[in-house]
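Residue numbers (our numbering): 114 to 464. Each residue gets a CB set at the ideal place from its N, CA and C atoms; glycine is no exception. Reviewing the structure listed below.
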């Protein structure tokens, strides 16, 4: 039971507070300063209309992407590719502009960022690429902004665009919105499958472990995740959601690493295709401990709520998984729900 309760406790908060709702609110957070930076005669006037636009945008974004992910894996991955490319294009524009500024010797505070040269061979190539892109982006920022201006900016990329591009600065908010839109799609794509795997392991209702017989997508899990995201949009306090998410996420990651270290000592002969030196997980655990203690001190209420959400998975696990002799009426009800869901969505079990 100990080995089984850990993945359930991990998947429970993942399906409750990690869905696309917080990411949709990030979309709003990213869009808000960008809309405010547009001139009043361009695209959308700033005022009460902007607030209504944002209120309507959040559920529509969530609903559209839920529909796309439920209907077609190819369409979802195409959206992800396109909007990731848009994000990289925006970063390339900023980086190239920054180097042009350096060439003109028109810079305010360029810092010498150290580049990591000797990365372990086991690390995927994406890590150095992402590191390089974002370091270069920050170098470019400092060609047009002082550190004080950067710290005081509500949207750093927008401020950079206003200082460099003038009238053409509108392209930066557009690319930021495209980037966050792609982020929403990616999180929905991932969280729906996380819910699907949890159901396949018997930790969620069986209907969640089924896929569409025509679309070949985990439609029930995606629709469930999308519905949860719409519920989350009721809250206007995005920072509380961020605190809930970060604390529970790092708590889960830390517990996983502790389990890995425990198995290294208790079952040293287990087959391990990738075996890292022990000092790496120990160092990582120290970092995770820091990421758990700081939010606990800075926002104790929010982190306490995150702990309660995690602990709420224990009775759900005991009732839903451990308790085998459930009343016949309850079992019949769940069977009827499963059959109804299968007929309504055209889904079937993968087994």
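Under the three-state reduction of DSSP output, residue 259 falls in the coil class, being neither helix nor strand. A straight-line Cα-Cα distance of about 37 Å links residue 185 and residue 441. Annotation for residue 324: no alpha helix (DSSP H) segment contains it, though the beta strand (DSSP E) segment containing it runs 323-325.
For residue 410, there are no CB contacts under 7 Å within the same chain when 5 residues up- and downstream are skipped. Restricting attention to 394, 359 and 362, the CA atom closest to the CA of residue 376 is found in 394. Between residue 273 and residue 290, the C-beta gap is not smaller than 8 Å, which leaves the two residues out of contact. In this chain, the alpha helix (DSSP H) harbouring residue 292 covers 284-313. Going by beta carbons, residue 254 and residue 269 fall inside the 8 Å limit. In the DSSP secondary-structure assignment, residue 462 is bridged to 323. About 6 Å separates the CB atoms of residue 335 and residue 179; that is less than 8 Å, so the two are in contact. When the five nearest sequence neighbours on each side are left out, no beta carbon in the same chain lies closer than 7 Å to the beta carbon of residue 399. Closest in alpha carbon position to residue 300, among 459, 175, 428 and 277, is 175. Per the C-alpha coordinates, the member of 425, 332 and 415 positioned closest to residue 307 is 332. Counting of Cβ neighbours within 10 angstroms places residue 320 among the buried residues, the total reaching 16 or more. For the options 382, 357, 389 and 359, the alpha carbon positioned closest to that of residue 370 is the one of 389.
If you draw a straight line from the Cα of residue 422 to the Cα of residue 347, it comes to about 18 Å. Fewer than three beta-carbon pairs drawn from the region 354-369 and the region 337-344 are found closer than 8 Å, and the two stretches are therefore not classed as touching.
When DSSP states are grouped into helix, strand and coil, residue 385 belongs to the coil group. Separation of residue 452 and residue 324 (C-alpha to C-alpha, rounded to the nearest whole angstrom) is 13 Å. By alpha-carbon distance to residue 201, the top candidate from 247, 368, 414 and 406 is 247. Separation of residue 193 and residue 182 (C-alpha to C-alpha, rounded to the nearest whole angstrom) is 11 Å. In the three-state reduction of the DSSP assignment, residue 440 falls in the coil class, being assigned neither a helical nor a strand state. Inclusion of residue 408 and residue 360 in the CB contact set at 8 Å is warranted, their separation being smaller than that value.
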